[in-house]
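Trainee: Numbers given in the numbering used here equal positions in the sequence shown, counted from 1, plus 737.
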Amino acid sequence: MKKASVAIGIVAVLGIAYVGSTWYSGNLIEDNIDEQITAITKHLNSNKRSVRFNLIKSHYEKNLFSSKFHLKVTLSQQPKYQSEASDDDQLTLFEDDITIHHGPFPPAALAKGNFTPQLALIEYQMSEKKNPDLWKKAGNQPPLTGYITIDYNSNNQINLITKGGELTHNEIPSLSPDVTIEYGESSINLFSKNHGHDMGGNIKSDNFSIYANNENKLSISQFEASLSSPNGLGLQDFEINIGKLFQRDLTEFPLDALSVDVELYDILKLENFKAKGRVNGITKDIEIHNTLDKLVSLSEEEPDLVLSNIDLKQIYRAANDNQLPNGSLQMKIESINYGQQHLGKLIFDIDFSDSNDLFVRKLVSLGLGAIESNHASVPNNPNIALNIFNFHSDAGDLNFSFKIKQLSLGSIKMFLNDTVLTKIKLEAPFAVLDRFVAQVSNPDSSDVTDEQLFETNKIIDSLLHELEDSPIVDIKQGSNPGIYSDIEIHGNKDKIRLNNHFISKEEFLQFFESNVYD
């Protein structure tokens, strides 16, 4: 009897202690929730965006084991003047009831297999009253559920799960009436540890599709993305996997954020895309490795273009006290098909050093043909090298490479005199050029005939007539005839080596001006 009394006493004490700790947790949550909502709102609006987030808490009810409140999240245009602010300009992103289960051992957390002491578990289930159509589309169950766990050391975990469903103009008024969004079961899992120094999470989605006028515009299946911050040293490791992606011309899609300028294709397909990399939030260094099994470009006006087994590596090292920005880009495409023709494969490897953002912008402008004599020289005089550009086909190899040391991107005269070293090499056999042009000209066949090669050869011969007097290229015949070029320019030397002979920079300038500007 005494033992039973002692046991009952212990249970009673534990029960009272648990109720007391639960009540304490409830008071702690109530005392701090306004401060936390203010901090979240301040963080969301910390960047100088043109929009402003607002979090509004109301109808707070505290019970012994749980509390409930109503939360409304709105998005509004940031007014230039306070007097211009209007409730009519607000877009409601979220509005529903939230339940907070008090610690230290919320039953809802125990049911999810979490047996560590928790300050609180915040739970959300979209109510049927909030959106009866989504409830019905989700099989008469909450279409969106989620919870947040917060322990006594400020470690947080967030989990959101959506059931498969469909969104239309009825659920999202900003959608055009002719647009439908279909989505499969998806989940979001995020965590924060060590007071935010160790953060990460993952997103998974079975499928996601957008239809406009009953036509599929965008589909993504087997999507998964993860992010982690190892060691809390500002490093962010990430992975992105996409099983399949289908995109039809989105130029007329009614959401500006998804609009793209599509000129090269009507339909784009990707298969098994993977990206893995690391971003250093302190130094801004970036490393990315992308792989893609297949990229298919379909167009009504052009033959299908299929790239298979793509491997892309990118490295960017930001500036610090000891170095200027540098980086590299390496790409391999194991198979290139155009229509029925198998063109070949491609290898590309370029790197740069002692660079800056202005150099990258100038490099892009060069690709657009925007170089003028009044452009100022790029600061820092970067180094850039195309180590290899190799196109391999059944007819042989086309190779191109260059190396430029301390580049000056002003006028052509500044380039010749201020760039420390320039080396350019081109090897383009006629056999490779003939076959490539013949294949592109006859995409409906799986091979090329001798007659087609002969016709292509005549076209290239007519073009070569324009290059016969050029000192820049060497038209070679013999065992492997083709277009070759081997150029070397030193900034501190007057003579330029063009293939097997030398000319002065003045002669080169005269040739350049007469052939480029005339």
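We put the CB at the ideal spot given by N, CA and C, even for glycine. From a predicted model like this one, the values you see are computed outputs, not experimental measurements.
(1) Can you find the residues in the same chain that come closer than 6 Å, C-beta to C-beta, to L912, ignoring five residues on each side of it along the sequence?
(2) Which residue wins for smallest C-alpha separation from N978, given the options L1049, F960, K1195, E1250?
(3) Using only alpha-carbon positions, find the residue among N1136, D870, K874, I925 that is nearest to F1085.
(4) Could you check what DSSP says for L881 in three-state terms: helix, strand or coil?
(5) My output table needs one value for A1132: the three-state DSSP class, helix, strand or coil.
(6) Let me see if you follow: with CB-CB separation under 8 Å, is E952 close to chain B or not?
(7) Over what stretch of residues does the beta strand (DSSP E) that includes P1166 continue unbroken?
(8) Kindly list the residues whose CB is nearer than 8 Å to the CB of S1114, restricted to its own chain and excluding five residues on each side of it in sequence; keep chain order.
(9) My understanding is that L1080 touches S1130, with C-beta atoms under 8 Å, so please give their C-beta distance in whole angstroms.
(10) Using only the alpha-carbon positions, how far apart do G883 and K779 sit?
(11) For N782, which residues from the same chain have a beta carbon less than 7 Å from its beta carbon, with the 5 sequence-adjacent residues on both sides left out?
(12) CA-CA distance, N896 and E1037?
(13) If you follow the beta strand (DSSP E) that S864 is part of, which residue opens it and which one closes it?
(14) In this structure, does DSSP put S803 in helix, strand or coil?
(15) Since F1137 sits in a beta bridge, which residues does DSSP pair it with?
(16) If distances are taken between C-alpha atoms only, which option among I1125, F1167, E903, R1172 comes closest to G876?
(17) Considering only the alpha carbon of each residue, which of K1140, V1169, V1157 lies closest to F1128?
(18) In terms of residue numbering, what span does the alpha helix (DSSP H) encompassing I1196 cover?
(19) Per DSSP, what kind of secondary structure is E1008 in: helix, strand or coil?
(20) Does the segment 1239–1247 come into contact with the segment 1174–1189, if we say contact requires no fewer than three beta-carbon pairs (one atom in each stretch) closer than 8 Å?
(21) For N1259, which beta-bridge partners are listed by DSSP?
(22) Report the partner residues of M936 according to the DSSP bridge assignment.
(23) Going by C-alpha distance, which of I1141, N1074, N1229, F983 is nearest E1088?
(24) Can you tell me whether H839 is buried or exposed? The criterion is at least 16 other CB atoms within 10 Å of its CB, across all chains shown.
(25) Answer yes or no: do S864 and D888 have a C-beta to C-beta separation smaller than 8 Å?
(26) Tell me, to the nearest whole angstrom, how far the beta carbon of K809 is from that of E832; I am working on the premise that it is less than 8 Å.
(27) By the three-class DSSP mapping on this structure, what secondary structure does K794 have?
(28) Can you tell me which of the three DSSP states I1084 falls into?
(29) Out of E908, S966, S923, state which residue places its alpha-carbon closest to the alpha-carbon of K930.
(30) Out of Q862, Q814, T775, T811, which one is the CA nearest neighbour of K805?
(31) Any idea what DSSP makes of T886, helix, strand or coil?
(32) Give the single residue among S956, A949, I1149, E1188 whose Cα lies nearest to the Cα of S942.
(33) Apart from the five residues on each side of it in sequence, which residues of its chain come closer than 7 Å, Cβ to Cβ, to H796?
(34) Return the residue from the list I1052, A1122, N1009, L972 that minimises the CA-CA distance to L1158.
(35) With a CB to CB cut of under 6 Å and the five nearest residues on each side skipped, what residues in its chain are close to L1105?
(36) Where does I1073 fall in DSSP's three states?
Mentor: Taking the coordinates as given:
(1) Excluding sequence neighbours, L912 sits near H906.
(2) Cα-wise, what sits closest to N978 is F960.
(3) Looking at the Cα atoms, N1136 is the closest of the given residues.
(4) DSSP places L881 in strand when its eight states are reduced to three.
(5) Coil, per DSSP.
(6) Here there is only one protein chain, and chain B is not present.
(7) DSSP places P1166 inside the beta strand (DSSP E), whose first and last residues are 1158–1166.
(8) Annotation note: pLDDT 42 at S1114 (below 50); position unreliable, coordinate value reported separately. Taken in chain order, the residues that qualify are S1145, L1146, G1147, M1151, D1155.
(9) So it is a contact: roughly 6 Å between Cβ atoms.
(10) Going by the C-alpha atoms only, they are around 23 Å apart.
(11) Here the set comprises R789, F790.
(12) Distance from the CA atom of N896 to the CA atom of E1037, rounded to whole angstroms, is 44 Å.
(13) Counting along the chain, S864 sits inside no beta strand (DSSP E), nor does DSSP assign it H or E at all.
(14) Correct three-state label for S803: strand.
(15) According to DSSP, which records beta bridges pairwise, F1137 is partnered with F1126, L1163.
(16) For G876, the closest C-alpha among the options I1125, F1167, E903, R1172 is that of E903.
(17) It is V1169 whose Cα lies nearest to the Cα of F1128.
(18) Unbroken alpha helix (DSSP H) run through I1196: 1187–1201.
(19) In the displayed model, E1008 falls within a strand according to three-state DSSP.
(20) No: the two stretches stay apart, fewer than three of their Cβ pairs being nearer than 8 Å.
(21) Residue 1259 is absent from the structure shown; the chain starts at 738 and stops at 1255.
(22) Answer is S929.
(23) The question names Glu, but residue 1088 is Asp in the sequence shown. Among I1141, N1074, N1229, F983, the Cα nearest to that of D1088 belongs to I1141.
(24) Only buried fits H839, as 16 or more other CB atoms lie within 10 angstroms of its CB.
(25) Not in contact: S864 and D888 (Cβ atoms no closer than 8 Å).
(26) The C-beta distance from K809 to E832 rounds to 4 Å, short enough to fall under 8 Å.
(27) In the structure shown, K794 sits in a strand (DSSP, three-state: E or B).
(28) In the three-state reduction of the DSSP assignment, I1084 falls in the strand class, which pools E and B.
(29) It is S966.
(30) Here the closest residue by C-alpha is Q862.
(31) T886 carries a strand assignment under DSSP once its states are collapsed to helix, strand and coil.
(32) The candidate whose alpha carbon is nearest that of S942 is S956.
(33) Taking C-beta separations shorter than 7 Å and ignoring five residues to either side along the sequence, the partners of H796 in its chain run F806, H807, following chain order.
(34) Checking every option, the nearest Cα to that of L1158 belongs to A1122.
(35) Since pLDDT at L1105 reaches only 38, below the 50 mark, its modelled position is unreliable, and the value read off the structure follows with that caveat. Nothing listed; no residue qualifies.
(36) Here I1073 sits in strand by DSSP.
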